[in-house]
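Residue numbers (this note's numbering): -12 to 371. Positions of the beta carbon are idealized from the N, C-alpha and C atoms, including for glycine.
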Amino acid sequence: MHRDPVIIIGSGLAGYGVVRELRKLDSEIPVSMLSADHAGFYSKPMLSNALTTGKTPETLVNSDASKMADQQKISICPHTRVTDIDRDNHVLTLQGGDELSYGRLVLALGADQVHLPLQGDGVSDILSINDLDDYGRFRNALEGKKKISIIGAGLIGCEFANDLAAAGYQVNVIDISQQPLGRLLPPAAGAYLQKKLASIGITFYFDAMTQQVERVGERLRLVLASGEALESDIILSAVGLRPRIKMAEAAGIRVNRGIVTNQLMQTQDPEIFALGDCAEVQGKVLPFVMPITHAARALAATLAGNPTPVHYPAMPVLVKTPACPTIVSPPDIDAKGDWHVDVDGDGVRALFKDAADNLLGYALLGALTKEKNTLTAQLPPVLQ
Ligand SMILES: Cc1cc2nc3c(=O)[nH]c(=O)nc-3n(C[C@H](O)[C@H](O)[C@H](O)COP(=O)(O)OP(=O)(O)OC[C@H]3O[C@@H](n4cnc5c(N)ncnc54)[C@H](O)[C@@H]3O)c2cc1C
């Protein structure tokens, strides 16, 4: 494989992951990074426990774009949005109309927040947090406020709920399902997590569909399908992410749930690669840090001239809810089996096993999170 210059679009953990791994292997290949945002390096997972860890939007940034450019010996263009990929001529169009040639292209575009189709004049005041700029707006909005409603009891909703409640805010969490982390935990484990989060003051509304958000003076009123209304100072939406696929799709690159790649993170265009939250690698969309780390390492080797398919081991996710330590390693979406759940005073052990008693996934809560390493060692790899 040749060693043409590389352009990376996106400065999140995926974009910077590739840069760092590539520079370990090759200090010469010219690399440019284009980013629609500030392009400072920060760890996105830290956004949802920044209050309890005493971080501000400013102190969350480890290194700004110019420092990263110096350290990694690359060129970085912050606040530069790519609007179009012309694959025939190997040219990118930037917002404003400038054009840029590429040799090899890495798409590390991330994902967009899903916005619920709600009614009411308060809908435009709903906040969501998927990057540092969003988080800065949220922290400004929090000044002098007390009561926060969070729509969505998934991983990100629960983490922000725990962080806000621990910092003294009154928190409501609203979800259409029956339990927190509905996609990751069996019901008994969800009930345990709910009880622990309720014990630090979080109020849950389950089986509850948000329909409308209205402005009431300085506050917002969230109206449920049942007619019940909740008033709060801030409403945060955390109902899921959708991989950013539109630009790739418009360029004729194959997309499905994410930008479709093989195990080399290569799209059907051999010069264009994708990884991170925007990508669907060998059928898997895995919007977490560990898959990005593995994919970045493999892609860097490929870009350095040594084609290397990515392999994913079992990759448990630590849920940052200190009121109830929780680790999940969900079974594959197509896995056949059943949950076997033990609940005791100390925590929950939920094992997902197939008919032959093979462990395919697990969830550990409370003190039983100490069993993480033993169980992880028994899990099959996510991608061989
Ligand atoms: C609050 C929160 C907590 C999380 N906690 C955890 C956790 O505890 N553990 C875990 O494993 N995962 C966690 N995650 C998920 C994890 O953070 C993400 O999977 C990861 O950060 C995604 O990185 P990325 O580089 O793919 O995308 P992003 O970080 O979204 O980066 C995308 C980049 O692409 C740029 N971009 C997009 N379109 C264009 C364009 N057209 N032109 C130029 N630039 C463009 C953006 O500006 C951005 O720089 C969390 C996520 C959130 C939101």
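Ligand 1 never approaches K357 closely enough for any of its heavy atoms to be under 7 Å from the residue's Cβ. The segment 156 to 172 makes no contact with the segment 256 to 276; the number of CB pairs closer than 8 Å stays below 3. For I246, the uninterrupted beta strand (DSSP E) segment begins and ends at 246 to 248. Between A291 and I63 a beta carbon distance of about 20 Å is seen, past the 8 Å cut, so the two are scored as non-contacting. Only residues of its own chain outside the window of five on either side were considered, and among them A140, C145, G177, L180, Q181 have a CB closer than 6 Å to the CB of P167, listed in chain order. Collapsing the DSSP output to three states places N127 in a helix. G41 and P230 have their C-alpha atoms roughly 30 Å apart. At a cut-off of 7 Å, the beta-carbon of L34 counts as near ligand 1: some heavy atom of the ligand is closer than that. The C-beta distance from T280 to S316 rounds to 16 Å, too long to fall under 8 Å, and the pair is not in contact.
The beta strand (DSSP E) runs lying completely inside the segment 63 to 128 and spanning 3 residues or more are 69 to 73, 78 to 81, 86 to 88, 91 to 94, 98 to 100, given in chain order.
Between ligand 1 and the CB of K271, the shortest heavy atom gap is not smaller than 7 Å. Annotation: V158 to F193 spans about 14 Å, alpha carbon to alpha carbon. P65 and A52 have their C-alpha atoms spaced approximately 7 Å apart. In summary, I320 is exposed, with fewer than 16 beta-carbon neighbours lying within 10 Å of its beta-carbon over all protein chains present. Taking 8 Å as the upper bound for CB-CB distance, T356 and P294 are not in contact here, some 38 Å apart. If you check the CB distance, L347 and P367 come in under 8 Å. In this structure S213 is exposed. Its beta-carbon is surrounded by fewer than 16 other beta-carbon atoms within 10 angstroms. Not one heavy atom of ligand 1 sits closer than 7 Å to the Cβ of D150. Closest in C-alpha terms to D118, from the list G204, A322, V(-7), D99, comes D99. In this chain, the alpha helix (DSSP H) harbouring F147 covers 142 to 153. Put simply, the segment 149 to 163 does not touch the segment 271 to 290. Fewer than three CB pairs are less than 8 Å apart. Selection V5, V(-7), D121, V6 evaluated against G90 yields V(-7) as nearest (Cα-Cα). Rounded to whole angstroms, the gap between the alpha carbons of V18 and S(-2) is 13 Å. Listed in chain order, the beta strand (DSSP E) elements of length 3 or more contained wholly in the segment 226 to 285 are 228 to 230, 246 to 248, 259 to 261, 266 to 268. The three-state reading of DSSP puts A364 in helix, counting H, G and I together. According to the DSSP assignment, Q198 belongs to the beta strand (DSSP E) that extends over 197 to 203. For E215, the three-state secondary structure derived from DSSP is coil. Shown here, G4 sits in a helix according to DSSP, grouped into three states. Bounds of any beta strand (DSSP E) do not take in D194, whose DSSP letter is neither H nor E. When beta bridges are read from the DSSP output, R208 appears opposite E201, E218.
Under the 8 Å Cβ criterion, the segment 319 to 336 does not count as touching the segment 203 to 212, having fewer than three qualifying pairs. By DSSP's assignment, M20 forms a beta bridge with I(-5), I63. Looking at D220, A343, S224, Q82, the one whose alpha-carbon comes closest to that of S22 is Q82.
Taking 7 Å as the cut-off, one finds no heavy atom of ligand 1 near enough to the beta carbon of A212.
Assignment of S50 by DSSP, reduced to helix, strand and coil, places it in the strand class.
The distance from the Cβ of I138 to that of L103 is about 7 Å, consistent with a contact at the 8 Å cut-off.
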